[in-house]
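Keeping their order, the protein sequence lines are chains U and C. Heads up: the first sequence runs through residues 1118 to 1457, numbered per the working numbering. Heads up: the second sequence runs through residues 1118 to 1457, numbered per the working numbering. A virtual CB, placed ideally from N, CA and C, is assigned to each residue, including glycine. Okay, structure first, notes after.
Number of protein chains: 2
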Amino acid sequence: MPTRIGRYTIRLDSTPSVIGFASVVGKKEGEGPLADWFDLVEEDSLFGEKTWEKAESRMQAMAFHLALQKANISRDAIDLIFAGDLLNQCIGSGYGHRGSQIPFAGLFGACSTMAESLALAAAFVDSGLAATTAAVTSSHFCTAERQFRYPLEYGGQRPPSAQWTVTGSGCTIISHAEAGPFIREITFGMINDLGISDINNMGAAMAPAAADTLLNYLHDTGANPAAFDMIVTGDLGQVGAELFVSLLKKENVLLPDNHRDCGMMIFDQLAQDVHSGGSGCGCSASVLCSAILGGVVKGSLKEVLFIATGALMSPLSVQQGETIPSIAHLIHLSSKREGQ
Amino acid sequence: MPTRIGRYTIRLDSTPSVIGFASVVGKKEGEGPLADWFDLVEEDSLFGEKTWEKAESRMQAMAFHLALQKANISRDAIDLIFAGDLLNQCIGSGYGHRGSQIPFAGLFGACSTMAESLALAAAFVDSGLAATTAAVTSSHFCTAERQFRYPLEYGGQRPPSAQWTVTGSGCTIISHAEAGPFIREITFGMINDLGISDINNMGAAMAPAAADTLLNYLHDTGANPAAFDMIVTGDLGQVGAELFVSLLKKENVLLPDNHRDCGMMIFDQLAQDVHSGGSGCGCSASVLCSAILGGVVKGSLKEVLFIATGALMSPLSVQQGETIPSIAHLIHLSSKREGQ
């Protein structure tokens, strides 16, 4: 049963568990620092399909099936799947789950989708709306690049603040179980827009949303940021991560060296030439569903705040002179059911 | 508190109420048969903005504010807003609620979004995840036409099976209250794809999803289709509506002349030259938030099944030779809290 705490946070009193999780990534991600954590590294950027969009759908379906396998349940056990992605009309998800025969709720949260889908999936299980749910998302470098920026063949120059869209997918299966990782609280974010209009500086556009949601969570719960082994943002990259920390400092919240960013964890920034870091729905999804949830299972992480951020603009809205609205949702993951 | 009935349906035992609803539409919709039901008919297709996309965002914000007014609550009372639309990266919603300072969950369900958002909004209230929620969506003829088909200036020919995208938005506010309309059950749909690839025949692509979800609801609850004053599909249009009825007949479910379709209700098909009828997220949204909920309030409708349908393709997926996956979600609306 859920309990609302403060204005923004929902405590999930039955503490739903992540009973299965899986990550599927591309070659470049498989050459990065998290290589050993991923369930599957696919060398072929087409995943055996004819187009990159079809490849992304297949990758999302693969992550879902692997997560089911690891949870040791059949797909019929899933009451509802929450999924979304970055592509126009979310075709990564729509086609990825076309044959699944499972009730489907489509989401659009841009790169915040892993947190949004997981929050909804956990909320449904906690409240008895569903017994078992799935949350899944993806991104693909080649589909995102040609949709949001330039044809790949063009070889456009990238400024230092630019990020590299991750080819990856992550899926979590949520239910009630004796073992964790447990989901203790969720905080849905509001849309922030501080007037950034540079599509090559998404980290700066998203940092205020991440700070805002974290401040709301800390205010609602009275939690001490030092109580968490890791406060991990979605894909702010280096530029956005620095801004995030300084925005918190302005509000007198000091993070004791426990802040990490999925966009900086997934690549070796210098060796892999990714400028400010990784991005895309698949960035926070594949990092969550590998090193983070894996760390909680192995005991190296006990208390984690996962804050995935999304930039809600489109190429057209930017062409029309609009700034970039952004959003961040938060999940408190814990190795324990109760207490800190 | 929710109770799961059968495989697909959730009974909302606390029967949340629609405490406010509002519809905003364009000039053409304001000249149709439902003219007197709409809260606001805007003659200017730009809604005072510089682009049609900004107009769509404004329209969605207007519907939300009108619904709040009619519910007689302030926006601070809203715990979570569920919103989405048809535009790439759902910019109608992202920009429409940018300044609202309300937690936001973005959805993509194409033209099923009104049912998807309302189902989630009602589920959150029933289960105590939220006290008060909002569900809102929109579409705009000019934004959809140039994104999905041709530039308006091109003046492309339209076959008889084509539908006309509605310029409209609908918003519902959900909470617990003594008076209805009440939301009794919800059924989330699965993605169907029977191989239709003609983007000018979306009704045919979506009809199987609508039939599938209705059959699941009837199977789960044991309800008799004759017990409803109206079984209303989202925007199948004339071609899709006929297919829907015949698909049900094949499964031995006969509808006793209580089937209506929002796409056929909103326009006078012949006088307004809209071929197979209206379509777009705003079609079922503006019809629900005018004649349907209005009819329940006035007592002319007592039991209604609202089944909004969505086609989950994109222009790119169709160019890549893909067929059109579709989905439908169902809401049982009632003037009474219990019994039939």
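- Per the coordinates, the alpha-carbon of C:Leu-1129 lies some 30 Å from the alpha-carbon of U:Gly-1213.
- Short of 6 Å from the beta carbon of U:Met-1382, and not among the five residues preceding or following it, lie these beta carbons of its own chain, in chain order: Val-1404.
- No Cβ-Cβ contact shorter than 8 Å links U:Ala-1321 with U:Gly-1351.
- Within the stretch 1208-1226 of chain U, Ile-1208, Ser-1210, Gly-1211, Tyr-1212, His-1214, Arg-1215, Gly-1216, Ser-1217, Gln-1218, Ile-1219, Pro-1220, Phe-1221, Ala-1222, Gly-1223, Leu-1224, Phe-1225 and Gly-1226 place their CB atoms closer than 9 Å to a CB of chain C, listed in sequence order.
- Residues of chain U with a Cβ closer than 9 Å to the Cβ of C:Asp-1310 are, in chain order, Tyr-1212, Arg-1215 and Gly-1216.
- C:Ala-1152 and C:His-1392 have their C-alpha atoms spaced approximately 19 Å apart.
- Of the candidates U:Leu-1429, U:Ser-1452 and U:Ala-1188, the residue whose Cα lies closest to the Cα of U:Gly-1226 is U:Leu-1429.
- Residues of chain U with a Cβ closer than 8 Å to the Cβ of C:Glu-1233 are, in chain order, Ala-1222 and Gly-1223.
- If you draw a straight line from the Cα of U:Ile-1291 to the Cα of C:Gly-1272, it is about 49 Å long.
- Closest in C-alpha terms to C:Arg-1192, from the list C:Gln-1218, C:Gly-1201 and C:Asp-1202, comes C:Gln-1218.
- The beta carbon of C:Gly-1416 is closer than 8 Å to those of Ser-1452 in its chain, skipping five residues each way along the sequence.
- For U:Ser-1134, the three-state secondary structure derived from DSSP is strand.
- For C:His-1446, the uninterrupted beta strand (DSSP E) segment begins and ends at 1443-1451.
- Runs of alpha helix (DSSP H) with 4 or more residues, each lying fully within the stretch 1287-1363 of chain U, are found at 1319-1338, listed in chain order.
- Contact annotation: C:Pro-1432 and C:Phe-1265 have beta-carbon atoms nearer than 8 Å.
- Look at the stretch 1146-1174 of chain C: the residues with a C-beta under 8 Å from a C-beta of chain U are Lys-1167, Thr-1168, Glu-1170 and Lys-1171.
- Within the stretch 1211-1266 of chain C, the complete beta strand (DSSP E) segments of 3 residues or longer fall at 1221-1224 and 1250-1256, listed in chain order.
- For the pair C:Ile-1409 and C:Gly-1306, the CB atoms are not nearer than the 8 Å cut-off.
- Of the other Cβ atoms in all chains shown, fewer than 16 fall within 10 Å of the Cβ of C:Ser-1363; this residue is therefore exposed.
- Residues of chain U with a Cβ closer than 8 Å to the Cβ of C:Pro-1442 are, in chain order, Gly-1211, Tyr-1212 and Arg-1215.
- Residue nearest to C:Gly-1143 within the set C:Pro-1119, C:Leu-1197, C:Glu-1173 and C:Ser-1134 is C:Glu-1173 (criterion: CA-CA distance).
- Sorting U:Ser-1210, U:Gly-1209 and U:Asn-1205 by C-alpha distance to the C-alpha of C:Ile-1208 places U:Asn-1205 at the top.
- Take C:Gln-1386, set aside five residues on each side of it, and the residues of its chain with a beta-carbon closer than 8 Å to its own are Gln-1355, His-1392, Ser-1393 and Gly-1394, in chain order.
- Taking 7 Å as the Cβ-Cβ cut-off, the stretch 1238-1253 of chain C approaches chain U at Ala-1240, Ser-1244, Gly-1245 and Leu-1246, given in chain order.
- Taking a C-beta cut-off of 7 Å against chain U, the contacting residues of the stretch 1290-1320 of chain C are Phe-1305, Gly-1306, Met-1307, Ile-1308 and Asp-1310, listed in chain order.
- Pairing C:Cys-1400 with C:Ser-1229 gives a Cβ-Cβ distance that is not under 8 Å.
- For U:Pro-1432, the enclosing alpha helix (DSSP H) stretches over residues 1432-1436.
- Counting of Cβ neighbours within 10 angstroms places C:Tyr-1334 among the buried residues, the total reaching 16 or more.
- The C-alpha of U:Ala-1327 is placed about 17 Å away from the C-alpha of U:Gln-1280.
- Three or more Cβ pairs closer than 8 Å define a contact, and the stretch 1342-1350 of chain U meets that threshold against the stretch 1367-1381 of chain U.
- Of the candidates U:Arg-1175, U:Pro-1119, U:Glu-1262 and U:Ile-1127, U:Ile-1127 places its Cα closest to the Cα of U:Ile-1303.
- Closest by C-alpha distance to C:Ala-1251, out of C:Phe-1138, C:Ala-1388 and C:His-1446, is C:Phe-1138.
- With fewer than 16 other CB atoms across the displayed protein chains lying within 10 angstroms of its CB, U:Pro-1277 is exposed.
- Under DSSP, C:Phe-1199 shares a beta bridge with C:Ala-1222 and C:Ala-1252.
- Beyond the five residues adjoining it in sequence on each side, U:Val-1370 comes within less than 8 Å, by CB distance, of Leu-1331, Leu-1332, Leu-1335 and Pro-1342 in the same chain, given in chain order.
- Distance from the Cα of U:Arg-1175 is smallest, within the candidate group U:Ile-1122, U:Thr-1284, U:Val-1413 and U:Gly-1223, for U:Thr-1284.
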